[in-house]
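Enquirer: My questions will all concern the structure given below.
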Amino acid sequence: MDSTSSTLLSWIVFTPMIFAVIALLTPSFMESKLRTLTLIQTLVSAVLGIMLYMGFDGTSSTMQMVHFIPWLPDWGINYRVGIDGISLPLVLLTSFISPAAILGTWPHGELKKEKFFVVLIMALQSGMYGTFLSTDLFLFYFFWEIVLIPMFFMIGIWGGKDRIYATIKFFIYTMIGSLLMLVAIFWLIHSSQEFFGQPTANMAQLSQMSFGFDGSSLANAFRSPQTYLFLAFALAFVIKVPMVPFHTWLPDAHVQAPTVGSVFLAAVLLKLGTYGLMRIAIPFFPQAALYFSDFFILMGVIGIIYGAFCALSQTDFKKLVAYSSVSHMGYIMVGLFSFQKVAIAGSLYQMINHGISAGGLFMIVGFLYERLHTRNLEDFGGLAKIVPLMAIAFMIMTLSSVALPGSNGFVGEFPILLGAFQVQPVFVLFAGTGVILGAIYALKAYQMVMLGPKTTRHDVSHLHDLDAKEIIAMITLTIFVFGIGFFPRTFFWKSDATLEEYGTTVIQKSRNP
Amino acid sequence: METMNSSLPLLILLFPLIGFFFNGVIMPLAYRGFAKTPANTAGGIATFFIGLSFVLSLFAFVALKGATGNDPSLVTNCFDWFNFGGLVIPFELRIDKLSGLLVMIITGIGTLIHLYSTSYMHDDECVGRYFSYLNLFCFNMLLLVLGNNLPLLFFGWEGVGLCSYLLIGFWYTDTEKANAGKKAFIVNRIGDLGFLIGMFLLFRELGTLSLTSINELLHNPDVIARITPHATLICLSLFVGATGKSAQIPLYVWLPDAMSGPTPVSALIHAATMVTAGVYMIARLNPLFELSPVALQVIAHTGALTALFAGTIAIAQTDIKKVLAYSTVSQLGFMFLACGVGAYQTAVFHLMTHAFFKALLFLGSGSVIHACHHEQDMTKMGGLKKYLPHTHVTMLIGSLAISGIPFFSGFFSKDEILYSTIALPNGISYLFIVGVLTAALTAVYTGRMMALTFYGKERLDHHTKEHLHESPGMMTFPLYVLAGLAALGGFLGVPHLMGDYLGHMPHFLSNWLDPIVPAKHLPLVGVKLPLHEGVVMVGSSIIAIAAYFAGVKIFSRVLFVTDLLKGFGPVHKVLANKYYIDELYHQIVVIPVRNISKFSSDVVDRYVFDGAVNGLGRSVRWMSSGLRGLQTGDLQTYGIMMLGGLLLAMFFIFKVFI
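From first to last, the protein sequence lines stand for chains Z and V.
In this text, residue positions in the first sequence follow the working numbering: the first is 101, and each later residue adds one.
In this text, residue positions in the second sequence follow the working numbering: the first is 777, and each later residue adds one.
Okay, structure coming up:
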């Protein structure tokens, strides 16, 4: 591996940070150019993402382009980034959704403290890239926490009416999970000393350790160290997913967050949770994960149905989309914990697909809010005639959300349900009702906004349709919706080797260590 | 089996998609805005592309006919749609004798309806959108029949559902119409879940979803022995999907509402093509369904019940399109009855003749509605025969065909179904009685529809009458073509009994479909009910003729209409209100779902989950306010506490480590 490619990942992680420094140094008379700067940053990141994709070797299942810098070598903690087929699509999702989000969601008017906002957006991206690319467990935790801070301020400063309540709820929820995870991380690093003679936080090494597990009875299972560790990690991750009953921070955070925050939150941040499950909680502690898989699948199924029912009765458009996220993320839980190769692959795809459809839907909410300053579904109606482009974009995102074949949503949900059905037919039958309920709330929302007679609550006759920036954002997402829907292999083939290896190892280790 | 690689299937599939892009993307760009494409341009483009597919489907037909093998097919293998974790789903399109027939029906009738639409929708402001949807529908419908594996079939299956949604709610500013579209999509989704489960079960048992492989595997005795215990569950799951798409009890409720779409849409989607998808699926998987006599019985009973039930509703409707809608539900019931007794070939035969005469009747009704200024209520029509001569003649042919009057197409297919119910080993003799009864009902309500529309007293208001006009040639031409097919199409399936007298005329369709849907021997005398085939044929003809003329005669006399209906009083009320099924579903499905969702978000989420979280927050605050009392600022207190803490810590350290 040559030296240029091995620093690429670090460039991806720190490019937004470098731009953040530039933004901070921007003199006040140049502040009107900050938006352009942000756009340039996201585009540079996107180009780096493309370079990453080109350079990635799809036939290998190991970590590639590893960049290593000693950090705290005595404790086994190092700066170590690398990429494999699981993190690749998530990094690409981040690098493509970012420019779309910037183009599609920037407030039309003035924004207070714009410089700080821009810096936060950039820091957020660095955090997200870092979390996906870390192959050192402590570094992973470091970036995991970094992500929290910009989001906290974004909701707290630029949020809606109840922003303080929402942001503190978000923060405390996530912190509780994170702290348990931190304890578990230290436990892991500590025990690695016994295994390897010296402490290490290298994920590849840590995943080879095995902890005692006795699944002969529930009481014995709860006495096994593997269970503690698994549950500590899993809790941190499922809060982020979010899994019912730890989901209530999500609707509040979404409703209060500014649109760009919501887009990042739905499109990428939630995936940190499922990525963590996939990368750490399940492969490190496969027996415990398998032992408790029924529980997590059950919670996933409850999430699918319950989230859909909650979405159905919302009149706040943003809250409806937020609950739909709870519902759609439930599928990923079902897929990951089914321990079936097809379903695991489907879960990874679903992470990307949900990022696109939920991100797109939040952008639509943003478009409407920018123009009419309301999110109440009853305030809309009959807009399709006035804003046809928006109606088309909204329809495409709706189709993706209801997982119509030909859209990306199907590419995720179908393998998940098919794979999980092989082992858990009853759960899947219930999960399948989400297919019906999803159609009900999605079409309800579409109809209330776009169809029916023109609303009389607002003067909508001069509503302007999508502008050029918004069109570009929507076209980008649309390409992914149908591109992935029709040609999933073109987008995901580089993950095949990793997923194959991952599935084989995890399934094998979960049954006989 | 002889497989030929060919690009024909792909081209047939792609042309309508290109048409969709023209009307959906290129034309709006060219004319700088939506709803600006002139009607003739939009219609011309759309008709051209679907017509192109039709021409190619004729080539495919010729190729299949000329092929020597037993089960020739043209296959395009485009790329692997899915391929990971042991799940391989190629994007493979296949024209064999069954799908080839359906492709011809879809593109042929599709072309006629596109042509008709160009004139029918001429004055609509969103004609470009209309034609883009129509082309998109054809793409999905073709994918449904061309796809050589169940996920691709499902792709088309859901895709036609989407187009149906878009087209039913085409005039979306009317909330009722938008609701009808939504209802169609959601009810179909319920069925789709059944389809998905059926697919998952099949994958679990067979490890493949390819239609060719499934049907091949089901010739292997070992596989049959293994799958038979699960066959009933698989077949019933798939059939749930069929009840949704093909509007059978209990999921038929969306189809009558679907009539709020433009009439040509009803003709294409809700009569000729999409709603027959369930029948196609069962015919395609007939080796599987053969394994489960229980599932077949369920299908036969559901079909027969739906046929009778919808027939009784049709007789009391006053909206001309509603009559045809319930009639479609009823005829689809006939097709499922045929499937259920094992007469898959006959089901496909009836699918074809029904596509001819029902598309014709719908387009005819469209012509009437067009002429009467969008009036659909038959009680406000009457005596239109002299104003709309072409529409009348063609619709008359359609009516005779659907009623089963001898030698029109419906006669042959319907008769074959009726006779199959008593002549095949899976037949059920009492369903024969239901079938005959429904056939009589069909003739009565069709006669009634003709009478109320074309005969008797003119009940039009003055204003409408002044503008009454026969439709232009672009609309009557498709009517005549379809009338020709409706009149003569039955001769593709002449029963052997009659064929022998007609100089050994073969049952063309039966021979054609045989490699995929094996022909079954029909004995001359029924096994379930000892009736000779000829007796059934003559008997049902007499019943059809009598019922049709009774329908016409009774309902031509307008006074008689109201009197007769009043005489039936409550019965008529129940029928006119469609047995209150919609109201029932509202009570037992819609309202509970609404209540659960309100309960979930307003009670569970707010008070249980959030209540717990906020309660935790409050208790932390409460405890901390208690602890705040410790912060006295007094150094001595702090010193004592520090000492206490230190002692405690030492105690624990000793306890744990020593």
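C-beta: ideal position from N, C-alpha, C; glycine also.
Below 6 Å CB to CB, which residues in the same chain sit around L1261(V) once its five sequence neighbours on both sides are set aside?
Expert: F1132
Enquirer: Counting only runs that start and end within the segment 378–464 of chain Z, where is the alpha helix (DSSP H) found for 4 or more residues in a row?
Expert: 386–391, 393–412 and 417–436
Enquirer: Starting from A896(V) and walking both ways along the alpha helix (DSSP H), at which residues does that stretch end?
Expert: The question names Ala, but residue 896(V) in the sequence shown is Tyr. K873 to Y896 is the extent of the alpha helix (DSSP H) around Y896(V).
Enquirer: Just curious, the alpha helix (DSSP H) that N320(Z) is in, first and last residue?
Expert: DSSP places N320(Z) in the uninterrupted alpha helix (DSSP H) bounded by L318 to R323.
Enquirer: Taking beta-carbon pairs under 8 Å, can you tell me which members of the segment 394–406 of chain Z lie near chain V?
Expert: Y406
Enquirer: Relative to the C-alpha of F626(Z), which residue among L329(Z), D262(Z) and F253(Z) is closest?
Expert: Residue numbering for chain Z in the displayed model covers 101 to 613; residue 626(Z) lies beyond these limits and cannot be assessed.
Enquirer: Nearest CA to the CA of L370(Z): which residue from V426(Z), V401(Z), G403(Z) and T327(Z)?
Expert: V426(Z)
Enquirer: Going by DSSP, what residue range makes up the alpha helix (DSSP H) through E952(V)?
Expert: T951 to L982
Enquirer: Listing by chain order, which chain Z residues have their CB less than 9 Å from the CB of E981(V)?
Expert: The contacting residues do not exist; E981(V) stays about 11 Å from chain Z at best.
Enquirer: Looking at the structure shown, is K371(Z) part of a helix, part of a strand, or coil, going by DSSP?
Expert: Three-state result, K371(Z): helix.
Enquirer: Mind checking the segment 937–961 of chain V against chain Z and listing, in chain order, the residues whose C-beta falls within less than 7 Å of any C-beta there?
Expert: From the segment 937–961 of chain V, only L938, G945, Y948, T949, T951, A954, K958 and F961 have a Cβ closer than 7 Å to chain Z.
Enquirer: Starting from the Cα of F835(V), find the closest Cα among A811(V), P785(V), L790(V) and L1194(V) and give me that residue.
Expert: P785(V)
Enquirer: What distance in whole Å lies between the Cβ atoms of M1250(V) and M1171(V), which are believed to be in contact at a cut-off of 8 Å?
Expert: Contact flag wrong, Cβ pair sits at about 17 Å.
Enquirer: Using a Cβ-Cβ cut-off of 8 Å, state whether K1021(V) counts as contacting chain Z.
Expert: no
Enquirer: Does the segment 399–411 of chain Z touch the segment 480–490 of chain Z, meaning 3 or more C-beta pairs lie closer than 8 Å?
Expert: no
Enquirer: List the endpoints of the continuous beta strand (DSSP E) containing Y179(Z).
Expert: Its beta strand (DSSP E) spans residues I177 to I183.
Enquirer: So the candidates are Y1383(V), N853(V), L978(V) and L1300(V); which of them puts its Cα closest to the Cα of R1002(V)?
Expert: With respect to the C-alpha of R1002(V), the residue from Y1383(V), N853(V), L978(V) and L1300(V) having the closest C-alpha is L978(V).
Enquirer: If I follow the unbroken beta strand (DSSP E) through D856(V), where does it start and stop?
Expert: Segment P848 to F860, the beta strand (DSSP E) holding D856(V).
Enquirer: Please go through the same chain and pick out, in chain order, the residues whose beta-carbon is closer than 8 Å to the beta-carbon of T104(Z), but skip the five residues on each side of it.
Expert: Reliability fails at T104(Z), whose pLDDT of 43 lies under 50, so the model's placement of it is uncertain and the value that follows must be treated cautiously. No residues qualify anywhere along the chain.
Enquirer: Could you work out which residue in V434(Z), E214(Z), F240(Z) and H290(Z) is closest to L253(Z) when comparing CA atoms only?
Expert: With the sequence shown as reference, residue 253(Z) is identified as Phe, and Leu is not the correct amino acid for it. For the residues V434(Z), E214(Z), F240(Z) and H290(Z), the minimum Cα distance to F253(Z) belongs to E214(Z).
Enquirer: Determine the chain V residues that contact P515(Z) at a beta-carbon separation under 9 Å, and present them in chain order.
Expert: Chain V residues near P515(Z): F858, F860, G861 and L863.
Enquirer: Might you give, ordered along the chain, the residues of its own chain that have their beta carbon closer than 8 Å to the beta carbon of A843(V), omitting 5 neighbours on each side?
Expert: E778 and M780
Enquirer: CA-CA distance, H1046(V) and F313(Z)?
Expert: 59 Å
Enquirer: Specify the secondary structure class of I865(V) as computed by DSSP and reduced to three states.
Expert: strand
Enquirer: Determine the extent of the beta strand (DSSP E) in which H167(Z) is found, giving its start and end residues.
Expert: Q164 to L172
Enquirer: Any beta carbon from chain V within less than 8 Å of G603(Z)'s own beta carbon?
Expert: yes
Enquirer: By Cβ distance below 7 Å, which residues in the same chain neighbour R135(Z) in space, the five residues on each side in sequence not counted?
Expert: W206
Enquirer: According to DSSP, what are the bridge partners of M923(V)?
Expert: It is Gly, not Met, that sits at residue 923(V) in the sequence shown. DSSP output for G923(V) lists L869(V) as bridge partner(s).
Enquirer: Kindly list the residues whose CB is nearer than 6 Å to the CB of F437(Z), restricted to its own chain and excluding five residues on each side of it in sequence; keep chain order.
Expert: S393, F396 and I397
Enquirer: Could you please give the first and the last residue of the uninterrupted alpha helix (DSSP H) stretch that includes N991(V)?
Expert: Where N991(V) is concerned, the enclosing alpha helix (DSSP H) starts and stops at L987 to L993.
Enquirer: Could you tell me which residues DSSP pairs with S234(Z) in its beta bridges?
Expert: Looking at the DSSP assignment, S234(Z) forms a beta bridge with V181(Z).
Enquirer: Mark N612(Z) as exposed unless 16 or more other C-beta atoms lie within 10 angstroms of its C-beta, in which case mark it buried.
Expert: Of the residues assessed, N612(Z) falls on the exposed side of the cut-off, its CB having fewer than 16 other CB atoms within 10 angstroms.
Enquirer: Relative to the alpha-carbon of R905(V), which residue among A818(V), A1147(V), E868(V) and N991(V) has its alpha-carbon at the smallest distance?
Expert: Looking at the Cα atoms, A818(V) is the closest of the given residues.
Enquirer: If we cut at 8 Å on Cβ distances, does S1395(V) have a partner in chain Z?
Expert: no
Enquirer: Name the residue from I802(V), V1029(V), R1370(V) and I1091(V) whose alpha carbon lies nearest to the alpha carbon of E1359(V).
Expert: Closest option to E1359(V), judged by alpha-carbon separation, among I802(V), V1029(V), R1370(V) and I1091(V): V1029(V).
Enquirer: Looking at chain V, which residues of the segment 408–423 of chain Z have a Cβ within less than 9 Å of any of its Cβ atoms?
Expert: Taking 9 Å as the Cβ-Cβ cut-off against chain V, the residues of the segment 408–423 of chain Z that qualify are A408, F409, C410, A411, L412, S413, Q414, K419 and Y423.
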